[in-house]
């Protein structure tokens, strides 16, 4: 009969109207600034730098090897390695900039990093009023603790931590064996002269994380790219040694 | 509460109280103090004035109260509509805008205010090739015509702004002026969409004017008057002490009520008959070239028209300001009127949330092939009902059966005929 369908339709909307007040399964809106949905673990955008311990800059795992800078397809990473007063590299980044207005979140920097120093973030609230300054993230803004990494990517972080611990254990064992061998050799060669070994085995309990990184990388089975030790002078580095053209996003770096 | 007690409660105003009681018209009013509250308040303001001034001020007060009351109702209605539509679609609706200068959100109660400020501060654009005078006059005329219709509505016992003998005639004559204003808007904009929409609007409004007018003719036949207060008077009393004598509770009244509401939907350009402003087809129809406050005026007029038609439906079919049960008469009459009005307005919103828009051919076909014949047949049903008003006993049952058959029979037959070609559609590729 004419009109039955209309009444049925009215019934459906009435059910939705009433149901939205008492049935949480119906009213699924997340009121964003106050409520947030839990992001899936595999969600990723924009890289950040992992640090161990509590000191943000000193604890960075990054050794300024510049692999990520070379590999970055949109060339949004800019690194200047830090050097001590004698001009030797300290295996720390002096400048580490990521222009997130250029970054396309491809994760290639994460995949090429042999030190597990750069990981993908889940930060999506990046709107800024100034695109030249505020969207160019400096070292300080990029450094985030390992606990944060464990929080946003638990499974992946656990895997990485296990791998690092295993590498550290192997390196410690190797160093210990080397030290023992050296000590035995020294004892046989020059008994009584207890000269320190060239690379003292780091006490595993209170190792600074960055110190542990060196044996860790040395013990890595097959690093994707051999760790590049920056050997150029700073002038060479900025002028010719760097195949990457100077980026527009890093003025006055 | 007796009159003596009343005058003791308010000794300072006892003189005007008895003065107004002495007039035969007021004497018939309900005796509750709450019931008389609007008139008491008005008399407090104007009773000290000399006679011609008093009449002027009384009229002015009535106009102001009606205008402000319905303007506030319009503001709240826009919010309620959006909230209800949101809830029907399982989302919360506007809830961010709170009261200004406070942190209170109050379910988005500040939304109408924010909308108003936005509308007022927007640029008023008039197209270069538009007819500037008509373009300006159209929203003014539309709003003026829809405000005119409020003049004869009985909002409560003795609360009718203008007591006209031909009130219903006046109401629909003033309401018909809105069609002219809609066409003015469409024509003056010099925009193809606007003009198309205006022509659609005319086709629709004229088509639905006929069933709208035919549907309440039975009410006038029964009440024997064109006055709105007279129609409310005709629906007084209760059958068996609890069934009100409302027109909607008779077979012909129910049919007329449904036809009236469907036509009112179309007359106020509401979904599912919102063809003149069909966004997906005509941008915004006759509103395309309007912005800022003029646009707001169009919206105001649409809601005013909706309120006026709902109020008229309440008056004609739902017993006006009368209470549904005798013991509920302690609630003042204007509250009952407001409750019934809100119920009908909610119905409008509910229907908007449910039905998709009709096509123009379906729209006119429905009006001319279904509503107009139904309304004409309903005239006959009402005539039968009034001729058999002295049937009693078992004949009363026969009267009801015949009247119901006269309503339901044509409905089923015509409905089947009308929907034959449209009957259950099979979606082959969906």
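Residue numbers (this note's numbering), protein chains in the order written: chain A, 67 to 319; chain B, 90 to 519. The beta carbon of each residue, even a glycine, is placed where N, CA and C say it ideally should be. Computed from a predicted structure; not experimentally measured.
Beta-carbon separation of residue 392 of chain A and residue 176 of chain B under 9 Å? What is shown of chain A runs 67 to 319, which leaves residue 392 of chain A out entirely.
Neighbour-count burial assignment, residue 287 of chain A, 16 or more Cβ in a 10 Å radius: Confidence is the limiting factor: at residue 287 of chain A the pLDDT is only 45, short of 50, which leaves the residue's position unreliable and the question unanswerable from this model.
Mind checking residue 485 of chain B: buried by the 16 CB within 10 Å criterion, or exposed? With fewer than 16 other Cβ atoms within 10 Å, it is exposed.
Who are the neighbours of residue 439 of chain B on chain A, taking C-beta pairs under 9 Å? 76, 79, 80, 83
Would you report the Cα separation of residue 192 of chain A and residue 119 of chain A, rounded to the nearest angstrom? 26 Å
Tell whether a beta-carbon distance below 9 Å holds between residue 257 of chain B and residue 393 of chain B. no
Alpha carbon to alpha carbon, what distance is there between residue 260 of chain B and residue 238 of chain B? 5 Å
Classify residue 441 of chain B as helix, strand or coil using the three-state DSSP reduction. Helix at residue 441 of chain B.
What would DSSP say about residue 358 of chain B, mapped onto helix, strand or coil? coil
Are residue 453 of chain B and residue 296 of chain B close, meaning C-beta to C-beta below 9 Å? At a Cβ-Cβ threshold of 9 Å, residue 453 of chain B and residue 296 of chain B count as neighbours.
From the beta carbon of residue 464 of chain B, is the nearest beta carbon of chain A less than 9 Å away? no
Which value, in whole angstroms, describes the spacing of the CA atoms of residue 124 of chain A and residue 181 of chain B? 48 Å
Limits of the unbroken alpha helix (DSSP H) element including residue 186 of chain B: Per DSSP, residue 186 of chain B belongs to no alpha helix (DSSP H) and is neither H nor E.
For residue 159 of chain B and residue 396 of chain B, the rounded distance between their alpha carbons: 8 Å
Span of the beta strand (DSSP E) around residue 156 of chain A: Unbroken beta strand (DSSP E) run through residue 156 of chain A: 155-165.
Using DSSP with H/G/I as helix, E/B as strand and the rest coil, what is residue 251 of chain A? helix
For residue 132 of chain A, which three-state DSSP category applies? coil
Under 8 Å from the C-beta of residue 170 of chain A: neighbouring residues of chain B: Residues of chain B passing the Cβ test: none, with the nearest at roughly 33 Å.
Please go through the stretch 177-237 of chain A and give each complete alpha helix (DSSP H) segment of 4 or more residues, from N-terminal end onward. Counting only runs of 4 or more, we get 205-208, 212-218.
Figure out for me which residue from B/391, B/467, B/375 has the closest Cα to the Cα of residue 275 of chain B. B/375
So which residues on chain A does residue 508 of chain B lean against when the C-beta distance must stay under 8 Å? 68
Could you pull out every residue in the same chain whose Cβ sits closer than 6 Å to the Cβ of residue 291 of chain A, ignoring the five residues on either side in sequence? In this prediction, residue 291 of chain A scores a pLDDT of 46, lower than 50, which makes its location untrustworthy; the coordinate-derived value is nonetheless stated afterwards. These residues qualify, in order along the chain: 133.
Just curious, the alpha helix (DSSP H) that residue 147 of chain A is in, first and last residue? It is not in any alpha helix (DSSP H) - residue 147 of chain A instead sits in the beta strand (DSSP E) that spans 143-149.
Per DSSP, what kind of secondary structure is residue 116 of chain A in: helix, strand or coil? strand
Decide if residue 467 of chain B is buried, meaning its Cβ has at least 16 other Cβ atoms within 10 Å, or exposed. With 16 or more other Cβ atoms within 10 Å, it is buried.
Identify, in the order they occur along the chain, each residue of the same chain with its Cβ nearer than 7 Å to the Cβ of residue 172 of chain A, setting aside the five sequence neighbours on each side. 139
Residue 417 of chain B to residue 129 of chain B span [Cα, whole Å]: 22 Å
So that I know if they touch, is there some Cβ in chain A lying closer than 9 Å to that of residue 500 of chain B? Closer than 9 Å: yes.
Taking the Cβ atom as the reference point for each residue, do residue 411 of chain B and residue 422 of chain B lie within a distance shorter than 9 Å? The answer is yes: Cβ separation under 9 Å.
To the nearest angstrom, how far is it from the Cα of residue 212 of chain B to the Cα of residue 317 of chain B? 42 Å
Report back the beta-carbon spacing between residue 496 of chain B and residue 470 of chain B to the nearest angstrom; my notes put them in contact at under 8 Å. Between residue 470 of chain B and residue 496 of chain B the Cβ distance is about 6 Å, and since that is below 8 Å, they are a contact.
Out of B/406, B/458, B/389, which one is the CA nearest neighbour of residue 450 of chain B? B/458
Taking CB distances under 9 Å as the criterion, tell me whether residue 95 of chain A reaches chain B. yes
Show which residues of chain A have a CB atom less than 8 Å away from the CB atom of residue 444 of chain B. 72, 75
For residue 521 of chain B, decide whether its Cβ has a neighbour in chain A, counting only Cβ atoms nearer than 9 Å. Nothing can be reported for residue 521 of chain B, as the shown portion of chain B is limited to 90 through 519.
So residue 92 of chain A contacts chain B; which residues on that side make the cut at Cβ distance below 7 Å? 179
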